[in-house]
Amino acid sequence: MQLSGAVVLVTGASRGIGRATAELLAARGVHVVCVGRDEAALQEVAGRCGGTVLVADLSAADAADRVVDETLDRLGRLDAVVANAGVGHAGPVATMAAEQVAELVEVNVRAPLLLAGAAVAAFAAFAAFAEQTRRQCDALCIAPPGTLLGMGSLLQIRNVPDEAREALKARAAARGESLNTYLLGLLQRDVARPTVQEVFDRAARRVEQAQESVVEALAEERAGREAELRSRPA
């Protein structure tokens with residue numbers, strides 16, 4: 026199944042899994058909207074994949090609506106979202122400053138939920154006159170099950186949205202869209218490197234596996250939707 030012509034918004038696209046996913050999507054003919062805070066890095070990625078840059082701090086309350094609205098204003102459509110951006114804290118929870126706790130919640134919990142909600146609303150608005158190309162929203166959560174010494178706060182925060190994602194999935198399904206969640210494991214982050222290097226060394230190879238998983242899932246979802254629409258009586 027070809028994804029050529031689709032518009033996909035990828036947060037955290039400046040590095041790691043986000044960058045790898047953006048580049049692979051572009052290779053499949055997708056126009057990628059690269060979202061993040063590091064404008065120089067985003068410009069480099071967009072230059073490599075022919076995408077669009079949207080500089081945004083996802084901890085801001087209006088960021089989700091803004092990136093969806095700007096994508097629609099610039100490109101006229103939105104087919105999928107990969108909510109990949111996230112932050113972490115390495116060390117005991119007791120050492121975390123209030124500002125760090127706030128950032129974890131804002132970026133890892135609030136931002137992807139608001140982004141999914143904004144995207145689903147946009148998909149529903151389009152569905153009224155674009156039945157043949159129903160939209161899908163794909164949320165990417167980088168947090169493995171289990172416990173890792175020194176990373177408990179990150180894992181707990183990243184797993185908070187599970188029930189909320191299920192609610193969004195039900196809401197999307199009622200409208201004919203889909204919301205998918207992928208748990209792809211840890212990737213290397215500068216902030217955590219001193220304390221969990223051994224884990225990150227083993228996990229580094231997952232970036233390539235992760236990008237393949239996301240792109241193939243998008244393609245399979247689109248193929249399934251097209252097959253369903255073709256099977257409907259005229």
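When you read off a place in the sequence shown, starting at 1, and then add 25, the result is the number in the numbering used here.
Even glycine gets a Cβ: it sits at the ideal position worked out from N, Cα and C.
Item	Value
Presumed contact (8 Å Cβ cut-off) between Asp104 and Val32, rounded CB distance	5 Å
Nearest candidate by alpha-carbon position, reference Ala52, set Leu139, Gly61, Val70	Val70
Cβ contact check for the segment 55-66 and the segment 121-129: 3 or more pairs under 8 Å	no
Alpha-carbon spacing of Val132 relative to Leu79, whole angstroms	16 Å
Beta-carbon spacing of Ala141, Val112 below 8 Å	no
Pair within 8 Å by beta-carbon distance, Thr77 and Leu100	yes
Gly30 to Arg102 span [Cα, whole Å]	10 Å
Assigned secondary structure, Gly111 (DSSP; H/G/I helix, E/B strand, else coil)	coil
Between the CA atoms of Val35 and Thr46 - distance to the nearest angstrom	8 Å
Gly175 to Arg62 span [Cα, whole Å]	Confidence is the limiting factor: at Gly175 the pLDDT is only 40, short of 50, which leaves the residue's position unreliable, though a coordinate-based value still follows. For Gly175 and Arg62, the distance between alpha carbons rounds to 26 Å.
CA nearest to the CA of Gly72, picked from Ala108, Gly116, Ser39	Ser39
Extent of the continuous alpha helix (DSSP H) run through Val118	No alpha helix (DSSP H) holds Val118; DSSP gives it neither H nor E.
Exposure label - Thr120; buried when at least 16 CB within 10 Å	exposed
Runs of beta strand (DSSP E) wholly within the segment 36-99 (minimum 3 residues, chain order)	56-61, 77-80
Between the CA atoms of Leu67 and Gly261 - distance to the nearest angstrom	There is no way to answer for residue 261, as the model of the chain reaches only from 26 to 259.
Paired residues, beta bridge with Ala244 - DSSP	Paired residues: none, contrary to the question.
Same chain, Cβ closer than 6 Å to Leu139, five either side skipped, listed in chain order	Ala89
Backbone secondary structure at Ala144 - three-state DSSP	helix
Collapsed DSSP secondary structure at Leu103 in the structure displayed	coil
Cα-Cα separation, Asp87 to Ala81	10 Å
Limits of the unbroken alpha helix (DSSP H) element including Val130	123-130
Separation of Leu83 from Gly37, as counted between CA atoms	9 Å
Cutoff 6 Å; reference Ala110; Cβ partners in own chain excluding five residues on either side	Thr36, Gly37, Leu83
Close Cβ partners of Thr96 (< 6 Å) along its chain, the five nearest in sequence each way excluded	Leu34, Val58, Leu103
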